[in-house]
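S.K.:
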Amino acid sequence: MITEKNFSLNSEYDAVLIGAGIMSATLALLISEVFPEINILVIEKLSTSAQESTGAFNNAGTGHAANCELNYTPLDENNLIDIKKALLINNYFEESLNIWAYLYERDQINIKKFLTFVPHISFVNNVEDVAFLKKRYELMKKCREFKDMEFTTSSEEISNWSPLIIKDRDKKQKIAATRIKRGTDINFEALAREYFKYLSTKSNVEISFNTNLLDLKRIKNHKWELFVNKDGNKKILKANFVFIGAGGKTINLLQKSNIPESKNYGGFPVSGKWLISENQELNLKHHAKVYSKAPIGSPPMSVPHLDSRWIDGKKYLLFGPFAGFTTKFLKKGSYFDLFDSFQKDNLLPIFDVGLKNFELIKYLALQSTKNHSSRIKDLQEIMPSAFKDDWYLKNAGQRVQIIKKTKSGGALKFGTEIVNSYDGSLFALLGASPGASTAVNIMLKVLKKSIFYKENKAALDEKINKLIPLNNSLLNSNDLEIIKRRNNDILGFHQ
Ligand SMILES: Cc1cc2nc3c(=O)[nH]c(=O)nc-3n(C[C@H](O)[C@H](O)[C@H](O)COP(=O)(O)OP(=O)(O)OC[C@H]3O[C@@H](n4cnc5c(N)ncnc54)[C@H](O)[C@@H]3O)c2cc1C
94 MITEKNFSLN SEYDAVLIGA GIMSATLALL ISEVFPEINI LVIEKLSTSA QESTGAFNNA
154 GTGHAANCEL NYTPLDENNL IDIKKALLIN NYFEESLNIW AYLYERDQIN IKKFLTFVPH
214 ISFVNNVEDV AFLKKRYELM KKCREFKDME FTTSSEEISN WSPLIIKDRD KKQKIAATRI
274 KRGTDINFEA LAREYFKYLS TKSNVEISFN TNLLDLKRIK NHKWELFVNK DGNKKILKAN
334 FVFIGAGGKT INLLQKSNIP ESKNYGGFPV SGKWLISENQ ELNLKHHAKV YSKAPIGSPP
394 MSVPHLDSRW IDGKKYLLFG PFAGFTTKFL KKGSYFDLFD SFQKDNLLPI FDVGLKNFEL
454 IKYLALQSTK NHSSRIKDLQ EIMPSAFKDD WYLKNAGQRV QIIKKTKSGG ALKFGTEIVN
514 SYDGSLFALL GASPGASTAV NIMLKVLKKS IFYKENKAAL DEKINKLIPL NNSLLNSNDL
574 EIIKRRNNDI LGFHQ
């Protein structure tokens with residue numbers, strides 16, 4: 094159980110982290126491991142942790158290591174497959190595995206609560222995509238990160254890997270698949286809970302639920318004053334360092350900070366829905382995460398996938414996401430969130446993005462009007478034998494994509510971005526992808542730019558390196574093999 098400790102009016106903290114999702118949980122963990130003397134307060138407006146994007150059913154739970162997500166290997170301007178992003182994401186995810194192994198070895202978290210190894214498969218079913226997948230495989234296989242990738246065009250072999258993809262499929266279709274056995278399903282809600290459970294045993298970390306950040310302003314000596322509402326009572330806190338990890342709502346809070354860096358951003362909300370199966374007989378027949386290709390004109394995060402999920406001891410099948418549009422920035426947010434984020438500095442970029450992305454808006458509108466039968470039709474592209482009565486619809490989490498001011502107007506970004514004040518006293522995390530899987534890498538970047546890190550860098554690097562040896566090594570270094578083997582041994586992966 095996560096224990097909550099009360100804090101008093103006008104309290105002062107070294108670090109205040111806003112939101113109890115996976116990002117703040119990871120940052121609180123890293124700060125407390127590296128700087129045990131720093132006192133940290135995490136505030137969360139809901140009554141418990143990880144109920145927004147980090148919630149188990151609010152995301153797909155894929156441990157993104159770029160094993161199967163075709164949108165991480167796009168075609169460049171010369172029509173060549175670019176695998177740079179895939180290599181980076183793979184290394185970032187290894188950092189996450191590494192820190193989990195470190196904490197599990199010391200009995201500080203229980204990996205069985207959140208981590209399941211499951212093969213990651215990419216599947217395509219037309220001539221053009223088969224050629225793409227083969228080329229992609231040939232490129233990736235050469236890299237240490239993806240050397241265990243398998244490729245096949247044999248329907249029999251794909252059926253062995255994942256029978257539900259082949260059952261009732263038209264035999265005339267050209268098909269191909271790749272597989273990496275060392276994939277994962279992660280319950281990020283349970284992971285955040287494990288982090289907070291461990292953090293609540295430390296005397297320098299406090300967590301306060303039902304505590305809403307209303308406003309914040311810079312005061313003298315690089316300090317911040319935070320105006321919060323706790324159980325209906327207004328309080329003021331002071332902090333030397335603030336991290337805004339408020340998910341979709343981060344953009345609004347960042348704007349309230351008034352730092353010049355906040356002026357360049359706006360948000361574009363995209364909601365999501367899953368088809369879920371709780372039919373255990375069916376669910377036991379699928380043991381994989383199968384990612385396909387996004388339909389032409391759709392945004393990168395809408396790549397359809399059929400996932401095995403393990404949530405609080407029960408197995409589910411999940412298919413989606415189906416995108417939609419709402420003006421809320423959080424699932425439990427307000428319909429005014431989008432309008433509240435309009436400011437004189439970001440109006441032009443927002444309208445420019447609206448005009449330039451008419452196809453995306455059309456796609457979102459079409460997705461929103463789908464009924465159960467047409468969603469099942471989409472599912473049947475991956476799983477031809479899908480039967481409508483086995484599946485029901487569930488809302489996923491809310492993503493707020495970044496709109497960034499450019500010289501010519503605005504650009505829509507699908508990644509994540511850290512925005513910080515010049516002095517390293519305030520940080521905010523915008524965007525959603527590759528998200529929770531790479532939280533360790535993203536939060537290390539925050540830590541290394543923060544005010545805490547400026548003095549005594551060498552000693553602190555040594556500490557961080559103990560936690561995550563991969564962080565200072567280069568992509569494709571020999572260390573990667575050793576670290577992977579060690580992580581496999583501790584986390585229990587057997588090829
Ligand atoms: C449909 C979908 C699928 C996804 N799939 C994957 C996936 O397969 N793999 C992956 O790695 N990532 C995935 N992601 C991304 C991932 O879920 C997010 O990147 C991650 O959960 C973000 O965590 P967070 O802590 O930043 O935000 P959140 O989990 O949203 O947490 C923010 C917290 O801040 C609180 N808060 C907000 N405002 C305030 C305030 N004013 N005061 C106090 N508290 C506040 C909220 O209540 C919430 O608890 C997916 C996301 C979506 C939406």
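Residue numbers for the sequence shown follow this note's numbering, beginning at 94 and rising by one. All C-beta atoms, glycine included, are put in the ideal place defined by N, C-alpha and C.
Which of helix, strand or coil does DSSP assign to residue 127?
M.R.: Residue state, collapsed to three classes: helix.
S.K.: Can you pull the DSSP bridge partners for residue 213?
M.R.: BP columns for residue 213 point to 273 and 382.
S.K.: Report yes if the CB atom of residue 621 is closer than 9 Å to the CB atom of residue 431, and no otherwise.
M.R.: The question about residue 621 has no answer here: the residues shown for the chain are numbered 94 through 588.
S.K.: If you count every other CB in all the chains shown that lies within 10 Å of the CB of residue 414, and 16 or more means buried, which is it?
M.R.: That one is buried.
S.K.: Roughly how many angstroms separate the alpha carbons of residue 548 and residue 572, rounded to a whole number?
M.R.: Going by the C-alpha atoms only, they are around 28 Å apart.
S.K.: Near residue 589, what residues of its chain come up, given a Cβ to Cβ distance below 6 Å and the 5 sequence neighbours on each side ignored?
M.R.: Residue coverage of the chain in this structure runs from 94 to 588, which leaves residue 589 outside it and unanswerable.
S.K.: Counting only the same chain and skipping the five closest in sequence on each side, list residues whose C-beta sits under 6 Å from that of residue 498.
M.R.: Cβ neighbours of residue 498 beyond the five flanking positions: 357 and 442.
S.K.: Hey, is residue 117 close to ligand 1, as in C-beta under 8 Å from one of its heavy atoms?
M.R.: Yes, the beta carbon of residue 117 sits closer than 8 Å to at least one heavy atom of ligand 1.
S.K.: Given a cut-off of 9 Å on the beta-carbon distance, is the pair residue 539 and residue 513 in contact?
M.R.: Contact: yes.
S.K.: Could you check which residue in 510, 396, 202 and 545 has the C-alpha nearest to that of residue 116?
M.R.: Of 510, 396, 202 and 545, the residue nearest in Cα terms is 510.
S.K.: Following a CB-centred definition, is residue 239 positioned closer than 8 Å to any heavy atom of ligand 1?
M.R.: The answer is no for residue 239.
S.K.: Starting from residue 506, trace the beta strand (DSSP E) both ways and give me its first and last residue.
M.R.: Residue 506 -> beta strand (DSSP E) spans 502–506.
S.K.: What does the alpha-carbon distance come out to for the pair residue 168 and residue 429?
M.R.: Cα to Cα, residue 168 sits roughly 38 Å from residue 429.
S.K.: Ends of the alpha helix (DSSP H) at residue 447?
M.R.: Segment 440–449, the alpha helix (DSSP H) holding residue 447.
S.K.: With contact counted as at least three CB pairs below 8 Å, one residue from each stretch, are the region 306–322 and the region 283–295 in contact?
M.R.: The region 306–322 is not in contact with the region 283–295.
S.K.: For the beta strand (DSSP E) that contains residue 252, what are its first and last residues?
M.R.: Not the beta strand (DSSP E): residue 252 falls in the alpha helix (DSSP H), residues 248–254.
S.K.: Write down the C-beta distance between residue 273 and residue 246 rounded to the nearest angstrom, noting that I regard them as a contact closer than 8 Å.
M.R.: Incorrect: roughly 17 Å between the Cβ atoms, too far for contact.
S.K.: Return the residue from the list 342, 379 and 338 that minimises the CA-CA distance to residue 421.
M.R.: The shortest C-alpha separation from residue 421 is found at 342.
S.K.: State the start and end residues of the unbroken alpha helix (DSSP H) segment that holds residue 582.
M.R.: Note, residue 582: alpha helix (DSSP H), 572–584.
S.K.: What residue from 194, 166 and 535 has the CA that sits closest to residue 385's CA?
M.R.: Looking at the Cα atoms, 166 is the closest of the given residues.
S.K.: Do residue 137 and residue 352 have their C-beta atoms within less than 9 Å of each other?
M.R.: Contact flag unset, no.
S.K.: For residue 149, collect the residues of the same chain with a Cβ closer than 6 Å to its Cβ; drop the 5 residues on either side in sequence, then sort them by chain order.
M.R.: So the list reads 280, 282 and 404, once near-sequence residues are dropped.
S.K.: At what residues does the alpha helix (DSSP H) containing residue 223 begin and finish?
M.R.: From DSSP, the alpha helix (DSSP H) with residue 223 extends over 220–234.
S.K.: What is the residue span of the beta strand (DSSP E) that residue 184 lies within?
M.R.: It is not in any beta strand (DSSP E) - residue 184 instead sits in the alpha helix (DSSP H) that spans 177–198.
S.K.: From residue 208 to residue 586, what does the alpha carbon distance come to, in whole angstroms?
M.R.: Rounded to whole angstroms, residue 208 to residue 586 spans 11 Å at the Cα level.
S.K.: Could you tell me which residues DSSP puts in a beta bridge with residue 208?
M.R.: Paired residues: 279.
S.K.: Using 10 angstroms around the beta-carbon of residue 118, count the other beta-carbons present and answer buried if the total reaches 16, otherwise exposed.
M.R.: It counts as buried.
S.K.: Evaluate the contact criterion for the region 522–540 versus the region 140–157: three or more CB pairs, one atom per stretch, below 8 Å.
M.R.: In short, these stretches touch, since the Cβ pair count reaches three.
S.K.: How far does the alpha helix (DSSP H) with residue 556 in it reach, from first residue to last?
M.R.: First-last of the alpha helix (DSSP H) with residue 556: 550–560.
S.K.: Go ahead and pull the three-state DSSP assignment for residue 155.
M.R.: Strand at residue 155.
S.K.: Spatial neighbours of residue 230 within its chain, please: CB distance less than 7 Å, with the 5 preceding and 5 following residues excluded, ordered by chain position.
M.R.: Cβ within range, chain order: 242, 244 and 271.
S.K.: Any idea what DSSP makes of residue 119, helix, strand or coil?
M.R.: Note: residue 119 maps to helix in three-state DSSP.
S.K.: Roughly how many angstroms lie between the CA atoms of residue 334 and residue 416, to the nearest whole one?
M.R.: In a straight line, the C-alpha of residue 334 is about 36 Å away from that of residue 416.
S.K.: Between 182, 459 and 189, which has its C-alpha nearest residue 591's C-alpha?
M.R.: This structure does not reach residue 591, given that the chain is present from 94 up to 588, and the question cannot be answered.
S.K.: Please work out which residues of its chain come closer than 6 Å, Cβ to Cβ, to residue 179, disregarding the five sequence neighbours upstream and downstream, and give them in chain order.
M.R.: Excluding sequence neighbours, residue 179 sits near 159, 165 and 166.
S.K.: Under a Cβ-count criterion, where at least 16 other Cβ atoms within 10 Å of its own Cβ denotes burial, should residue 558 be classed as buried or exposed?
M.R.: Classification of residue 558: exposed, given that the 10 Å Cβ count is below 16.
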